[in-house]
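Participant:
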Amino acid sequence: MKASLSFNRRQFLKTTALTAAATGLPGWFLRREAAEAAPAAVKRPGPNDRPGIALVGCGGQGRGDAGNARRFGDIVAVCDVDATQAAAAAAQFADKGKKPEVYSDFRKLMERQDVHVIVTGTPDHWHTLVNLLAVQTGRDVYSEKPLTLTIDEGKRLVKAVRQNQAVFQVGSQQRSDRNFRLACELVRNGRLGKLQEIIVGLPTGPREGPFQAIPVPTELNWDFYLGQAPKMDYLGVRRVKTVDRKEQVSYESKSSHWNFRWWYCFSGGQMTDWGAHHNDIAQWGNGTELGGPVEVEGQSLVAMIPGGYDAAAEYEIHFKYENGVRMTVTDGKRAPNGVKFIGPDGWIFVTRGQIAASKPELLEEKLPDNAVRLYRSDDHMGNFFECVRTRKAPITECEIGHRSISIAHLGVISIRMGGAKLGWDPKKEEFAGERAGEANRWLAREMRKPYDYSFIA
133 MKASLSFNRR QFLKTTALTA AATGLPGWFL RREAAEAAPA AVKRPGPNDR PGIALVGCGG
193 QGRGDAGNAR RFGDIVAVCD VDATQAAAAA AQFADKGKKP EVYSDFRKLM ERQDVHVIVT
253 GTPDHWHTLV NLLAVQTGRD VYSEKPLTLT IDEGKRLVKA VRQNQAVFQV GSQQRSDRNF
313 RLACELVRNG RLGKLQEIIV GLPTGPREGP FQAIPVPTEL NWDFYLGQAP KMDYLGVRRV
373 KTVDRKEQVS YESKSSHWNF RWWYCFSGGQ MTDWGAHHND IAQWGNGTEL GGPVEVEGQS
433 LVAMIPGGYD AAAEYEIHFK YENGVRMTVT DGKRAPNGVK FIGPDGWIFV TRGQIAASKP
493 ELLEEKLPDN AVRLYRSDDH MGNFFECVRT RKAPITECEI GHRSISIAHL GVISIRMGGA
553 KLGWDPKKEE FAGERAGEAN RWLAREMRKP YDYSFIA
């Protein structure tokens, strides 16, 4: 029987030090020799095998993704720091009376040799550590969007995916929708003339508060949930109602589960939530899915309530691309939810379930046989598992997801710097020009120990 992954790592560090002392060989040389001689942590399944799947993050979105993935593999384990959510997932994915094994620490789950695919459905600030450990231990990954909490995290993840030759699909499923693909193919083939402008409309975020500290549910490991985020109270609303002349007290969380999205320590509001979807389509249509803008300037349009959610609820962000295209990302009070491409010959608007144009012929006229054709997928999860079998790149591979969410991160940084106008170098992935030094400090965030990168070392 193979020793567990964590045992191997700890034991390896000890034995390397002892061997180095006994033989005089340098530690770096011994580590390299051991790494080259060691088998892969997990043997990838063959093209005809049914892979073992583990779900990390058992909220509604995670369970939805796992249910979708179940068409192509077997769910053998689930993990969540909320015991109630983990138990619900285990019950949902029971097969012939046998439930997947339940974990509260994803590192223990990844010691298993029968887990080939990780479905990551955690809150945003946990995506990177889970995904890094998954690819470093030989797994393929389907990760919910937004891919990362910071641009630096994305750069690290892209590098790890390449080094480990992992198949990595980001859950930006709009790329597997024919309306979005059609819109982007038309734009890429000059149907509007030279693309001039893109308007991205996102939902308006909530503006609520102030909140108060409430009791942490017994089933939730709040410190683990916080992870790299700064230490904070479990916030929410206390409600009292009278039933049969007796007071009944209940609590509604405003800082966990669905509501993590509205806090910068966990996420970036609708700018990173829906922005991960629509900015991805904007980049695809613009032909910059592996690049980005050269300038950003954004502002919050309404003050947030002290003691309440802090991610901007209403906003307007302006981007400029090297090809001359200008893009505006704004909230639902100022633009409909979707992506509008504008050129001298008209506009095309696309959103879920709808594509429209300023003139019918912009959509109805057939593209020539030699037109640019974009990656076709009609089943986002199916595309991922096909690529797990064939080792092809999926439609929303890691770098594409990283570049798409980088747009949102740039907007958040500009807003948090008071509406700064900032230059951006998409090749170096760093700010340039005025205030670049200050802005570059926002590319990464301090990670609370022990939940930094050493947590998965």
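In the numbering used here, each number is its position in the sequence shown, counted from 1, plus 132. From the three backbone atoms N, C-alpha and C, an ideal C-beta is built for every residue, glycine too.
(1) Under 8 Å by Cβ, that's how I've got A201 and M459 pegged, so tell me the actual separation to the nearest angstrom.
(2) Return yes when the Cβ of A540 is within less than 8 Å of the Cβ of T404, no when it is not.
(3) Tell me, to the nearest whole angstrom, how far the beta carbon of W556 is from that of V426; I am working on the premise that it is less than 8 Å.
(4) When burial is assigned at 16 or more other CB atoms within 10 Å of the CB, is T260 buried or exposed?
(5) Which stretch, first to last residue, makes up the beta strand (DSSP E) that contains L367?
(6) Fully enclosed by the stretch 463-496, which beta strand (DSSP E) runs are 3 residues long or longer?
(7) Does Y383 come out as helix, strand or coil in the three-state DSSP assignment?
(8) H534 by DSSP, collapsed to three states: which one?
(9) For V213 and I588, what's the separation of their Cα atoms in angstroms?
(10) In three-state DSSP terms, what is V592?
(11) Can the beta-carbon of E317 be found closer than 8 Å to that of L494?
(12) Looking at I474: is its Cβ nearer than 8 Å to the Cβ of E329?
(13) Name the residue from V290, L422, D227, F516 whose alpha carbon lies nearest to the alpha carbon of F204.
(14) Run the CB neighbour count on R393, radius 10 Å, all protein chains shown included, and call it buried at 16 or more, exposed below.
(15) Can you give the Cα-Cα distance for V332 and V375, rounded to whole angstroms?
(16) Output the distance between the C-alpha atoms of N418 and S509, rounded to the nearest integer angstrom.
(17) Give the secondary structure of I437 by DSSP, where H, G and I count as helix, E and B as strand, and everything else as coil.
(18) Pick helix, strand or coil for M403, following the three-state DSSP scheme.
(19) Please check the pair S399 and Y366, which I expect to be a contact at CB under 8 Å, by giving their CB distance rounded to whole angstroms.
Facilitator: Taking the coordinates as given:
(1) In this structure A201 is not in contact with M459, their Cβ atoms being roughly 33 Å apart against a cut-off of 8 Å.
(2) Yes; because the gap between Cβ atoms is below 8 Å, this pair is in contact.
(3) The Cβ separation is near 6 Å, so the contact holds.
(4) Counting other Cβ atoms within 10 Å of its Cβ, T260 reaches 16 or more and is therefore classed as buried.
(5) Looking at the DSSP string, the run of the beta strand (DSSP E) that includes L367 is 367-375.
(6) You should have 470-475, 478-483, 486-489.
(7) Strand.
(8) Helix, per DSSP.
(9) V213 and I588 have their C-alpha atoms some 16 Å from each other.
(10) No answer is possible for residue 592: it lies beyond the span of the chain, which begins at 133 and ends at 589.
(11) Contact flag unset, no.
(12) Yes, they are a contact pair.
(13) Taking the Cα of F204 as reference, the smallest distance to any Cα among V290, L422, D227, F516 is reached at F516.
(14) Per the 10 Å Cβ criterion, buried.
(15) The alpha-carbon atoms of V332 and V375 are separated by roughly 48 Å.
(16) The alpha-carbon atoms of N418 and S509 are separated by roughly 19 Å.
(17) Coil.
(18) Shown here, M403 sits in a helix according to DSSP, grouped into three states.
(19) Their Cβ separation, rounded to whole angstroms, is 17 Å, which puts S399 and Y366 out of contact at 8 Å.
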